[in-house]
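Accompanying notes for the structure given below.
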Amino acid sequence: MTKIIIRTEKLCKTFSSGGILQHVLKNLDISLVEGDFTIIMGNSGSGKSTLLYAISGMDKPTLGEIDFAGNKLAKLNNDQLAIFRRNNCGFVFQQIYLLDNMSALDNVLASGLLVNKNKRKLVKKAKELLIQVGIDENSWSKFPTQLSGGEAQRVGIIRAIINSPKVLFADEPTGALNSATGDSVLDVFTNVNSNGQSIVLVTHDIKTALRGNRVLYLRDGVICGDLQLGTYNENENVERHEKLRAFLAEMGW
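Note that the UniProt record's numbering has the sequence shown beginning at 1, numbered continuously upward.
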């Protein structure tokens with residue numbers, strides 16, 4: 001049985017620039033299903049990141065409602081929103097925001113200890129997760145500058161999911177990585193989603209979008225396309241690629 005994890009009603013976001021109003025999101029009604037790997041696509045300036053920040057509680061919409069796992073985000077003040085994000089959201093960005101003066105393992109633990117005070121269990125979980133994404137014991141004590149881009153981003157993903165968030169949000173997570181390294185990071189997203197982790201990911205990259213089971217296409221602040229791709233299977237990649245290409249062509253990509 002499908003369960004809605006995030007629902008928006010008449011979601012609007014307006015910015016003022018030089019006295020001119022820019023309507024970035026326009027009356028969006030969206031329902032995101034728990035366990036889905038939802039991709040948000042669209043041309044530059046279409047409102048992709050703005051939508052991500054709004055539904056994750058990082059930014060407040062101008063109008064409309066966001067129901068996140070039964071919580072009305074508009075009713076939460078800034079301090080309550082910060083606590084809500086800490087307990088319910090994980091974030092991965094194109095820029096890898098690891099703390100330079102802390103080891104890979106400590107970066108993960110620092111995030112985890114904000115929610116879980118049982119350090120022994122947290123250390124065990126962090127090490128298990130790092131091993132699962134190919135970060136072995138030899139790298140746990142390394143500082144971010146000593147890691148490759150792919151390693152650092154994988155550590156960032158583990159930091160984002162250490163507290164078992166209801167939704168993992170990602171904004172162009174492979175944008176600064178080369179193709180091979182990006183693939184290894186995408187494999188991590190695919191694996192955590194296969195274990196039930198809900199993901200909402202913004203991208204302009206077709207290879208990344210292929211990993212999702214649903215693709216929303218945003219144009220000028222409006223959802224103008226919704227494609228169901230089904231569960232990712234690398235053995236069906238050609239057919240999947242053709243289906244996505246056809247959808248994007250229809251959207252005017």
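We put the CB at the ideal spot given by N, CA and C, even for glycine.
Quick test of your reading: residue i and residue j, contact by CB under 8 Å. State the CB separation rounded to the nearest angstrom.
i: phenylalanine 143; j: serine 111; result: In fact, because the Cβ distance is near 16 Å, the residues do not count as touching under 8 Å.
i: glycine 57; j: leucine 81; result: 5 Å
i: alanine 176; j: methionine 41; result: Not quite, the Cβ-Cβ distance comes to about 18 Å (not below 8 Å), so this is no contact.
i: residue 342; j: tyrosine 232; result: Summary: the structure shown does not reach residue 342, with the chain confined to residues 1 through 253, and so no result is reported for it.
i: valine 92; j: leucine 168; result: 7 Å
Taking residue i as the reference, give the member of the options with the closest Cα.
i: valine 123; options: Ser179, Arg211, Val108; result: Val108
i: lysine 75; options: Pro61, Arg240, Gly134, Glu137; result: Pro61
i: glutamine 132; options: Arg86, Val185, Thr145; result: Val185
i: methionine 1; options: Lys166, Val33, Ser17, Lys243; result: Val33
i: glycine 221; options: Asn163, Leu52, Asn78; result: Leu52
i: alanine 180; options: Thr190, Asn163, Asn195, Gly150; result: Gly150
i: cysteine 89; options: Pro165, Asn101, Lys125; result: Pro165
i: isoleucine 55; options: Cys224, Asp79, Gln94, Lys13; result: Lys13
i: leucine 229; options: Asn213, Leu113, Asn178; result: Asn213
i: glycine 252; options: Leu114, Gly225, Asp106; result: Gly225
i: asparagine 191; options: Ile223, Glu234, Phe84, Ser16; result: Glu234
i: residue 256; options: Phe68, Ile30, Gln94; result: The structure shown does not extend to residue 256, since the chain is modelled only from 1 through 253, so no value can be given for it.
Is the beta carbon of residue i sitting closer than 8 Å to the one on residue j?
i: isoleucine 66; j: leucine 147; result: no
i: isoleucine 199; j: alanine 152; result: no
i: arginine 240; j: valine 188; result: no
i: leucine 130; j: tryptophan 140; result: yes
i: valine 116; j: asparagine 163; result: First, the amino acid is wrong: residue 116 is asparagine here, not valine. Cβ distance < 8 Å, so asparagine 116 and asparagine 163 count as in contact.
i: threonine 8; j: glycine 70; result: no
- Query: Does the region 145-162 come within contact of the region 28-38, defined as at least 3 CB pairs closer than 8 Å?
  - Reply: no
- Task: Could you tell me which uninterrupted beta strand (DSSP E) segments, each at least 3 residues in length, are contained entirely in the region 203-250, listed from first to last along the chain?
- Result: 214-219, 222-228
- When the Cβ atoms of the region 196-206 are set against those of the region 171-178, are three or more pairs found closer than 8 Å? yes
- Tell me, please, whether the region 204-218 touches the region 42-62 by the rule of three or more beta-carbon pairs shorter than 8 Å. yes
- Only counting runs of 3 or more residues, tell me where the beta strand (DSSP E) segments fall wholly within the region 129-200, in order along the chain. 167-171
- Query: Which full runs of the beta strand (DSSP E) of 3+ residues lie inside the region 58-88, going along the chain?
  - Reply: 63-68
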